[in-house]
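So the structure is just underneath, and the comments pick up after that.
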Amino acid sequence: MEKPTPRINSALREQYVDQTVRIIGKVSTFKDDMAVLETSDKGQVLVHLNGNNKWGSDYVEVIGKLTKEFALEEYKTNNLGNDLDLDLVEKVVQFSLKCPEMFLLD
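Numbering (the numbering used here), first residue to last: 28 to 133.
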């Protein structure tokens, strides 16, 4: 079984360098092989795109590896639609820190 992937926000990136994580956010910039997400804590995360995924909505969940520069190397992206409450997503991120066994996904 693979290691579970935690959901994080921009403020938690430093704790997960060189690890696979999930970040949900609103696409604020999308150009060539990079995108910028506004995350649930109102921060920003740079995503290096792998070119294999189709980004087709305003809100996405990106699964990838965090680099030493705190950017995310995309493995997979899930489109989440055009209407998502990032404040609610932030509550999920914070609660998942308290009860990780309920939120870690394989």
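Backbone N, C-alpha and C define an ideal beta-carbon position, used for all residues, glycine too.
What you are looking at is a predicted structure, and each value in this text was computed from that prediction instead of being measured.
- 7 Å CB neighbourhood of Glu65 in its chain, flanking five on each side removed: Excluding sequence neighbours, Glu65 sits near Gly52, Lys53, Ser55, Gln71.
- Query: Taking DSSP as the reference, what is the three-state secondary structure of Met28?
  - Reply: Low confidence applies to Met28: its pLDDT is 37, below 50, so where it sits in the model is not reliable, and the reading given next is rough at best. Taken through DSSP and simplified to helix, strand or coil, Met28 comes out as coil.
- Item | Backbone CA spacing between Arg34 and Lys103 [nearest angstrom] | Computed Cα separation, rounded: 14 Å.
- Message: Using a Cβ distance threshold of 8 Å, determine whether the stretch 83 to 101 contacts the stretch 39 to 48, with at least three qualifying pairs required.
- Response: Here the stretch 83 to 101 lies against the stretch 39 to 48, with 3 or more beta-carbon pairs under 8 Å apart.
- Reduced DSSP secondary structure (H/G/I, E/B, other) of Glu117: Here Glu117 sits in helix by DSSP.
- Top-ranked residue by Cα proximity to Asp68, from Val120, Asp60, Pro127, Cys126: Cα-wise, what sits closest to Asp68 is Val120.
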